[in-house]
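The structure appears below as C-alpha cells.
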Amino acid sequence: MTSIRSRLFLILMITTGVVWMSAIAWIYLSTRAEVERVLDARLIEAARMVSSLITSQEIDPMRAAQIPAIEPTMHASYDRQLSCQIWALDGTLVGRSDAAPATPLSDAKDGFSETLIDGETWRVYAVVNADLGMRVLVGDNMRVRDRLVADVIRGLALPALLILPILAGLIWLSVRKGLGPLNKMAHALETRPASDLSALPDVDTPSEIKPVIRSLNGLFGRVHAARERERDFTAFAAHELRTPVAGLKTQAQVALGSDDPDIRRNALRQIVVGVDRTSRLMRQLTDLTNAERGEADADGRRVNLGKLVGQLVDDIRQHYSDAVPIEIDAKLNDIYLQLDASLFMLAVRNLMENAVLHSRNDGVVRCGVRIDGDAVAVTIEDNGPGIPEDELPKVCERFYRGRNKTAMGSGLGLAIAELAAKRLGGNVSLGNRSEGGLRAELQFSKAMLSRAPRADPDRAENRAISCS
Amino acid sequence: MRVLVVEDDAVLLNGLQVGLGLAGFTVDAVSTCADASAALRISAFDAVVLDLMLPDGSGLGVLDELRGRQVGTPVLLLTARDSVPDRIAGLDAGADDYLGKPFDLNEVAARLRALTRRGNGGTSACRIWRDLRLDPATMAVSKSGEAVRLSRREFSILHALMDRPGQILSKSQLEDRLYGWQEDIESNTIEVHIHNLRQKLGPGVIETVRGVGYKLAEATA
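Residue numbers (the UniProt record's numbering), protein chains in the order written: chain A, 1 to 468; chain B, 1 to 221.
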C-alpha cells in the first residue's frame, strides 16, 4: 500500500477493532465466571435453605407438593430461574417447585452436577438430609445463565458497533489532519519550477518532517552550487573558445584573401596550430569537468608510480612528436601509493605536458620522487623559462595564462593538476629552480604510502621498462 | 596606415597582422600590456586594435594610460567579452569601437578605416585631391576617372599625403607609416616609391620640400 493515509487508517482501524474485540472477549469470560460463581453460591444457599426449612418442620414436603402451581404472570426472561425437587431417599418425589421437571434433576448424592433433561442443561446442587431421609436438589437452567452473559455482552457490543463507524470517520479525519504538513510540503514541491532551487521554509514544521526538509534543502543547495559552477564554467569555456575560433577564422580569411602562396601556406599552418590548440583546450575542459564531477575512488587501489608515469611518458611522446627527452627516476618504481590512478595520471599528465611545452629545444624533463618528513612528492623539473614570481600565486587559476605562455597553452593545465591533486588529498607546489626552469611537485601525505609487497610479480617488469 | 595590434593569442595575432597587412595597413603586433604601452610611447599609430584579456593585465589599463597622456589615437577593442555591460565599460574607458570575437577580418579593416577617417575629421571614406581620388577600402586610386595601379607601399605613401593635404611629411614619418618594426627598411626605398608614384601620377602632384620631406603640390595656378 503506497498511501500513508490509507495505511495509517487501516492500521488504526485494525488495532482499534482488535482492542475492542479483546476487551469484549475478556469481559465475556470474566462475566461468565462471575455469574457462575454468584449463581452457584445461590444454588448452595437455596438448597440449604430448603433443607433447613424441611428440618424445622415449617414446610411439610408432602403438603407442599399438593399446592397447585401458580401460573406465572409474566415470562420475564429471568423468571423461574431456580427449580427445586425434594426426593425421599427411597426415590419417591416428595415435592417440587413450580417449573421443576418431574424427572430427577440429578443422580448425584451431594454437591454440584450437571444433567441434560429434555435437551436442556441443568446445574444442580444436591443436599442430603439424612435425618429426614430426604434429598434436596436445587437446579439452575443453564440456558438462563447463558442468556444472562449474552445480554451483558450484547449490551457492550451493540454500542460498539454503532460507535465504530463514527470512530472510523474520526480516525480518517485525524489522519488527514496529521498528514497535513506532508501534503503541504508535497504541494510546495509540486508547484515549484525546475529553476527554483531556493530552500523550503523550515519554520513551524513538525519535527518528523524537519529532517526531510533539511536534507531536501541540503540537496537543493548542492544542486544549486553545481549548477552555478557549471554555468560559470560554460560561460568561461565559451568565452575561452572564442579567441582560438577568432584566430582560425582570421587565418582562414587570410588564406582565402591572398594569392601569395607563402602567405596562404603560413595561414594554413597557423590554422593547424589553432585547431591543435583548440582540441587540446576541449580535451582539458572535459578533463576538468571529470576531475570536478567524478567521484574519487575513496580507498583507492595500490598503484605503482613508476608504472603509471611510464605509461604517461609513452602517451605524451605519441602526442608531442618533437617533445624533449623525459627522464624517469628509477626510484619511482619502488613507490606504491594508495590512491585513485586516473586522477593521479590526470595531475601528472598536465604537469608533464606543461614541462614539455615550456622546455627549450635542447632541454630535458626530469621526473623524480622526493620523500622527506611527512611528505612524498612526485617532482617534475624542466629547464624552460619558469614562472615569474608575481604570477606564481595565480597560475593555478582557471584560464590564467602568464607571460611565459606557449602557443598550445590553454591556462587550464595547472588548474586541472591542482584540482586532481586536491581530489586525491594532495596538492601541487610550484617553484622556480635556481638553475632555471620550473620544478612542479605533486605532494601527498606519507600516510598514503603503501609498503611494497615482498614478492611483487609486477616489479621485475617495472625494472625492465624503467629509465627509457 | 600604421596600426598596433595587441592580442595574446599567437594564431589570432598572426592572422590579424597578415590580414590587415593585406588590407593595406602597416601592422605592429605585441602580445602584452607592457609591450603595448611601450610601443604606444615610442611610436605614433593611426589606430590600435586592443584585446582586453592580456596575460599581464587588462587592455583597459593600456587604454587608460593612453588617454591619460591625452593621446587620441582611435582604439578598437577586440574581445571575447562582449556583453552589453562589457561594451559600455570599454567605450566609457575611452575606446572608440568594440568588436566581439570571433569577428570578420574585413569588418576589422573597415572599422579601422572608419575610425581613422573620423579621427582626421573626414566625412567621406574617399580622399579626393584635385582630380585624384583614393579609396582606402578598395585600395583603388584614380586620376581624372582613370584607374591607376599602385603597389601597396606606393598606395600607403599617397594615402598618408592625401590624409593631410598641405602638410609636410618627413621621410622618417613616411617610413613609420610604411614599415612595422619587424621589417627592414632600405635607406632609399621612400625615394624609390616617390619616384614610381610620380611616374604613375604624372608631375605636379608630389612636391619635394628640400631637407624636410614631401607634400602634395601647392596650387600652381
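Every residue, glycine too, gets a C-beta built ideally from N, C-alpha and C.
Keeping to the same chain, check which residues put their C-beta closer than 8 Å to that of residue i; ignore five residues upstream and five downstream.
| i | result |
| --- | --- |
| I117(A) | P101, T103, L105 |
| A44(B) | R2, T73, D176 |
| V313(A) | I326, I328, M352, C367, S468 |
| S434(A) | none |
| E120(A) | N141, M142, R143 |
| I209(A) | P181, L182, M185 |
| D104(B) | none |
| E71(A) | Confidence in E71(A) is poor, its pLDDT being 48 and thus under 50, which makes the residue's placement too unreliable to answer from. |
| A460(A) | In this prediction, A460(A) has a pLDDT of 42, which is less than 50 and means its spatial position is unreliable; nothing more can be read from the coordinates. |
| D110(A) | A126, V127, V128 |
Give the interface partners of residue i over in chain A, defined as CB-CB distance under 9 Å, in chain order.
| i | result |
| --- | --- |
| G19(B) | T250, Q251, Q253, V254, G257, S258, A267 |
Going by DSSP, what residues sit across from residue i in a beta bridge?
| i | result |
| --- | --- |
| F112(A) | Y125(A) |
| L343(A) | Paired residue(s): none; L343(A) is not in a bridge. |
| K143(B) | L132(B), E146(B) |
| N304(A) | Y336(A) |
| N141(A) | W122(A) |
| A29(B) | V5(B) |
| C84(A) | V138(A) |
| V348(A) | The partner list for V348(A) (beta bridge, DSSP) is empty, contrary to what the question assumes. |
| S43(B) | S43(B) pairs with nothing; no bridge assigned. |
| Y214(B) | L169(B), T208(B) |
| Y98(B) | L77(B) |
| G368(A) | T379(A) |
| F233(A) | Looking at the DSSP assignment, F233(A) forms no beta bridge with any residue, so it has no partner. |
Chain A partners of residue i, CB-CB under 8 Å?
| i | result |
| --- | --- |
| P55(B) | R401, G402, R403, K405 |
| T116(B) | Under the 8 Å cutoff, chain A gives no residues; its nearest Cβ is about 20 Å from T116(B). |
Nearest CA to the CA of residue i: which residue from the options?
| i | options | result |
| --- | --- | --- |
| A168(A) | N361(A), L449(A), I14(A) | I14(A) |
| H159(B) | A147(B), E146(B), M139(B) | M139(B) |
| E146(B) | I190(B), K200(B), E107(B) | K200(B) |
| L216(A) | R229(A), E228(A), R227(A), D202(A) | D202(A) |
| A110(B) | S83(B), P136(B), L77(B) | P136(B) |
| L82(A) | R145(A), G133(A), K109(A) | R145(A) |
| P203(B) | D86(B), V212(B), E218(B) | E218(B) |
| S195(A) | H187(A), W26(A), E228(A), R214(A) | E228(A) |
| V11(B) | Y320(A), A355(A), Q443(A), R269(A) | R269(A) |
| P193(A) | S207(A), K177(A), F220(A), R214(A) | F220(A) |
| S450(A) | I335(A), A25(A), I44(A), D110(A) | I335(A) |
For a contact defined as C-beta to C-beta under 8 Å, what are the partners of residue i on chain B?
| i | result |
| --- | --- |
| V348(A) | The premise fails here: V348(A) is roughly 25 Å from chain B at the closest Cβ pair, so nothing lies under 8 Å. |
| H239(A) | A80, R81 |
| I263(A) | V18, L22 |
Would you mind telling me which residues of chain A sit closer than 7 Å to residue i, beta carbon to beta carbon, in chain order?
| i | result |
| --- | --- |
| L50(B) | What L50(B) touches in chain A: nothing, since even the nearest Cβ is about 14 Å away. |
| F103(B) | A246 |
| T32(B) | R403 |
Can you give me the Cβ contacts of residue i inside the same chain, cut-off strictly under 6 Å, excluding the 5 residues immediately before and after it?
| i | result |
| --- | --- |
| L132(B) | K143 |
| Y28(A) | I153 |
| C396(A) | L414, A415, E418 |
| H75(A) | Its pLDDT being 46, under 50, H75(A) is placed unreliably by the model, and the measurement read from it follows with that caveat. Cβ within range, chain order: n/a, list empty. |
| L12(A) | I171 |
| L16(B) | V5 |
| R127(B) | L134, M162 |
| R214(A) | none |
What residues in its chain sit with their C-beta under 7 Å from that of residue i, if we drop five residues either side in the sequence?
| i | result |
| --- | --- |
| W181(B) | D28 |
| D90(A) | none |
| L91(B) | Y98 |
| E154(B) | H193, N196, L197 |
| W172(A) | F9 |
| T73(A) | The predicted model places T73(A) with a pLDDT of 47, which falls under 50 and marks its position as unreliable; any figure quoted below should be read in that light. Same-chain partners within the cutoff: there are none. |
| N462(A) | At N462(A) the pLDDT is 40, less than 50, meaning the model places this residue with poor confidence; the figure from the coordinates comes in the next sentence. Same-chain partners within the cutoff: N304, G306, K307, N333. |
| G21(B) | V27 |
| A447(A) | none |
Can you tell me the Cβ-Cβ gap for residue i and residue j, rounded? I've got them flagged as a contact below 8 Å.
| i | j | result |
| --- | --- | --- |
| Q85(A) | L137(A) | 4 Å |
| P244(A) | D9(B) | 7 Å |
| V369(A) | E381(A) | Wrong, their Cβ atoms sit about 12 Å apart, outside the cutoff. |
| S445(A) | D374(A) | 6 Å |
| L63(B) | A89(B) | The Cβ separation is near 11 Å, so there is no contact. |
| L50(B) | L77(B) | 6 Å |
| S410(A) | Q284(A) | 5 Å |
Quick one: does the C-beta of residue i sit closer than 6 Å to a heavy atom of the ligand MG?
| i | result |
| --- | --- |
| L161(A) | Absent from the structure shown: the ligand MG. Ligands present: none. |
Quick one: list the residues of chain B neighbouring residue i, beta-carbon separation under 7 Å, in chain order.
| i | result |
| --- | --- |
| G274(A) | V11 |
| E270(A) | First, the amino acid is wrong: residue 270(A) is Gln here, not Glu. Result: V11, N14, G15. |
| T243(A) | D9, L12, A80, K101 |
Does any CB atom of chain E fall closer than 7 Å to the CB of residue i?
| i | result |
| --- | --- |
| F220(A) | Chain labels in this structure do not include chain E; the protein chains are A and B. |
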